[in-house]
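A.B. asks:
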Amino acid sequence: MADALFSSYRINKNVIPNRFTRSATAERCAEENGSVSEDLFVAYRKLAKGKIGLVITGHCYVHTSGKTNRLQNGFYDDVLIPGWSRLVEAFGEDNPDASIYAQLSHGGRQILPEINPNPIAPSAVPLEKLGSKPVEMTEGDISMIIESYIKAAVRARKIGFDGVQLHAAHGYLINQFLSPRTNLRKDKWGGNPENRMRFLVEIIKGIRAEIGRDYPVIVKINGSDYMPGGLKVEDTAEILKVIQEIGIDAAEISGGTVETDPKHHAIRKGVFKTSQEAYYLQEALKLLEVAKIPLLLAGGLRSVSVMKEVLKKGITAVSLSRPFICEPDLVLKIKSGEIRSKCTSCSWCYGRPINSIQCVSQKDSIVEY
Ligand SMILES: Cc1cc2nc3c(=O)[nH]c(=O)nc-3n(C[C@H](O)[C@H](O)[C@H](O)COP(=O)(O)O)c2cc1C
C-alpha cells in the first residue's frame, strides 16, 4: 500500500498517473469577460509543475446567466477558446502525464446580487444569505441551459481538455434541480426523484450524443446537502445508480451548499487532527456500495496516513483544494517523504476580500484587483 497514492488509474480511457486530484478551485482572477488572465495562466503552470495527477479548473459558467461572481472564468462562448488553449497547452508541456478537466457550472440562485439580484433557478426560493431573489426557469430557459452545458463540453474537447466535470454539488444549479429543498416544481422537472434528476440526465445524454462515449465526463456531487429537506446520501445513491448507467465515468463526493452551517460546509475550517480529516468519508463509503465507477473524495484531506486509509477503503483518488493553494508542489513533497500538508484550513483563501488565489501565508505579496 506504500505506493498506493502513486499508482495510476483510469477514468474512461484516460490514464491518471497518481491518486491526487486538485479539486476544482475558483481562482477568481479571470478577465471581466471570463477569459483566462495572465495570473491564471501562471497559477496553472505552477500546478502542472507540481505533478498532480488530475487538475480540475474552478467552476466555469456555461451561460452568462450563470456567472456567480465578477472575476469568475467562463466557458460560454468560442471567444474564450484561445485563452484556455494556451493554458491547456502549457499545462501539457509542464506535465505531459497529467490530466486537466474543465469544471462546468451555472450558479442558478446562488449568484451574488451585484452580478444579478434575480437569477434563474428551478424554483423561486430566495437565498437570504446572499440576498438573491430568483425567478423560476421557463421550459425555454431549461432547454437553453442544457444546450449550454452540451456546447461547453464540446468546446472543452476542442480546446484539448482531457475531460469535463459537471458541477452538481455545493448548491449550484444542477444541485438546485436535484434537491427537493430548492426544486419545488410540479412539472416534469420536479415533484419526484426521477423528475428532479431529469436536468442532469438530459445534460449527460446530450453531451454523450454530441461527443460519443470515449471522452471523460465526471460529476462532483453532494453526498448530503446537510440542510433540512435537502439531498441525503440515500438520494445521492439513487442518482449515482442512474448517471453511471448513462455515461458518467467518475464521481467526486463533496457536500453542503452556501446555506449549510459552517460545521458541515464543504470548505470547513480548522482541520487540525487526523480525526477531522476526510469529513465526507462516511457518505462516500455509503455511495461505494452502489458505485460501479471510480469515486474521488474531497473535503479536508491533509495527511498521507488518512489519504492511504481512504484508498484502502475503496475510494479511488483523493481530492484537495486548499492544500494546493499554499503548496502547489505538495505531491512532490509527499513523494520525498512529507507526511502532511501545512494547510491549516483557515479558509482565508476562500473568504479573502480581494480577487486573487493566494494562501494567507503569502498575503503580503498580493496584488489587489
Ligand atoms: C478558494 C476556493 C475556491 C473553490 N472553488 C470551487 C469551485 O469552483 N468548484 C468546486 O466544486 N469547489 C470549489 N471549492 C471547494 C473545493 O473544491 C473542495 O471541495 C473543498 O475546499 C474541500 O477540500 P479541501 O479541504 O481540500 O479544501 C473551492 C474551495 C476553495 C478554498
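In terms of the numbering used here, the sequence shown is residues 16 to 384.
Each residue gets a CB set at the ideal place from its N, CA and C atoms; glycine is no exception.
Model, not experiment: these values are computed from the prediction.
What are the start and end residues of the beta strand (DSSP E) that includes residue 267?
C.D. replies: 265-269
A.B. asks: Give, in chain order, every unbroken run of the beta strand (DSSP E) that is at least 3 residues long and sits entirely within the stretch 115-191.
C.D. replies: 178-183
A.B. asks: Given that a residue counts as buried once 16 or more other Cβ atoms are within 10 Å of its Cβ, and exposed if not, what is residue 19?
C.D. replies: exposed
A.B. asks: Compute every distance between the C-beta of residue 316 and the non-hydrogen atoms of ligand 1, then say whether any falls below 7 Å.
C.D. replies: yes
A.B. asks: What I want to know is whether the C-beta of residue 297 ends up closer than 7 Å to one or more non-hydrogen atoms of ligand 1.
C.D. replies: no
A.B. asks: Apart from the five residues on each side of it in sequence, which residues of its chain come closer than 7 Å, Cβ to Cβ, to residue 16?
C.D. replies: Confidence is the limiting factor: at residue 16 the pLDDT is only 42, short of 50, which leaves the residue's position unreliable and the question unanswerable from this model.
A.B. asks: Of all the alpha helix (DSSP H) runs that stay within the bounds of the stretch 246-309, which reach a length of 4 or more residues?
C.D. replies: 248-260, 296-303
A.B. asks: Going by the C-beta, is residue 235 closer than 7 Å to any heavy atom of ligand 1?
C.D. replies: It does: the Cβ of residue 235 is within 7 Å (strictly closer) of some heavy atom of ligand 1.
A.B. asks: In the DSSP assignment, find the beta strand (DSSP E) that holds residue 210 and state where it starts and stops.
C.D. replies: Unbroken run through residue 210 is the alpha helix (DSSP H), 208-211; no beta strand (DSSP E).
A.B. asks: Would you report the Cα separation of residue 192 and residue 319, rounded to the nearest angstrom?
C.D. replies: 36 Å
A.B. asks: In the DSSP assignment, find the unbroken beta strand (DSSP E) run with residue 233 in it and report its ends.
C.D. replies: 232-237
A.B. asks: Give the range of the beta strand (DSSP E) segment to which residue 376 is assigned.
C.D. replies: Premise fails: residue 376 is in no beta strand (DSSP E) and is neither H nor E.
A.B. asks: Thinking C-beta only, is residue 29 closer than 8 Å to residue 202?
C.D. replies: No, the Cβ-Cβ distance between residue 202 and residue 29 is not below 8 Å.
A.B. asks: Verify whether the separation of the beta carbon atoms of residue 151 and residue 138 is less than 8 Å.
C.D. replies: yes
A.B. asks: My output table needs one value for residue 355: the three-state DSSP class, helix, strand or coil.
C.D. replies: strand
A.B. asks: So the beta strand (DSSP E) residue 43 belongs to, where does it begin and stop?
C.D. replies: It is not in any beta strand (DSSP E) - residue 43 carries neither H nor E in the DSSP assignment.
A.B. asks: Using 8 Å as the threshold, is the stretch 335-347 in touch with the stretch 33-45, meaning 3 or more CB pairs across them?
C.D. replies: yes
A.B. asks: Using the DSSP secondary-structure output, state which residues sit across from residue 455 in a beta bridge.
C.D. replies: An answer regarding residue 455 cannot be provided, because it is not within the stretch 16 to 384 covered by the chain.
A.B. asks: Just tell me which of 57, 287, 306 has its CA closest to the CA of residue 314.
C.D. replies: 287
A.B. asks: Which partner residues of residue 70 appear in the DSSP bridge assignment?
C.D. replies: Listed as beta-bridge partners of residue 70 by DSSP are 37, 115.
A.B. asks: Roughly how many angstroms separate the alpha carbons of residue 128 and residue 86, rounded to a whole number?
C.D. replies: 14 Å
A.B. asks: Suppose contacts are defined by Cβ-Cβ distances below 8 Å. Is residue 273 in contact with residue 125 by that definition?
C.D. replies: Contact flag set, yes.
A.B. asks: Thinking C-beta only, is residue 96 closer than 8 Å to residue 172?
C.D. replies: no
A.B. asks: Measure how close the beta-carbons of residue 121 and residue 157 come, nearest whole angstrom, since I'm counting them as under 8 Å.
C.D. replies: 11 Å between Cβ atoms; not a contact.
A.B. asks: Which residue wins for smallest C-alpha separation from residue 168, given the options 246, 136, 75, 187?
C.D. replies: 75
A.B. asks: Using a Cβ-Cβ cut-off of 7 Å (strictly less than) and excluding sequence neighbours within five positions of residue 208, which residues of its own chain qualify?
C.D. replies: 250, 253
A.B. asks: Does DSSP classify residue 59 as helix, strand or coil?
C.D. replies: helix
A.B. asks: Is residue 335 near ligand 1, with its Cβ less than 7 Å from a heavy atom?
C.D. replies: yes
A.B. asks: Should residue 118 be counted as a contact of ligand 1 given a C-beta to heavy atom distance under 7 Å?
C.D. replies: Because some heavy atom of ligand 1 lies under 7 Å away, the Cβ of residue 118 counts as near it: yes.
A.B. asks: For residue 359, tell me which candidate among 27, 285, 298 has the shortest Cα-Cα distance.
C.D. replies: 285
A.B. asks: For a test of the three-state rule: what should DSSP assign to residue 311, helix, strand or coil?
C.D. replies: In this structure, residue 311 counts as strand in the three-state DSSP scheme.
A.B. asks: Please report the straight-line C-alpha distance between residue 347 and residue 311, rounded to a whole angstrom.
C.D. replies: 20 Å
A.B. asks: From what residue to what residue does the alpha helix (DSSP H) around residue 102 run?
C.D. replies: 96-109
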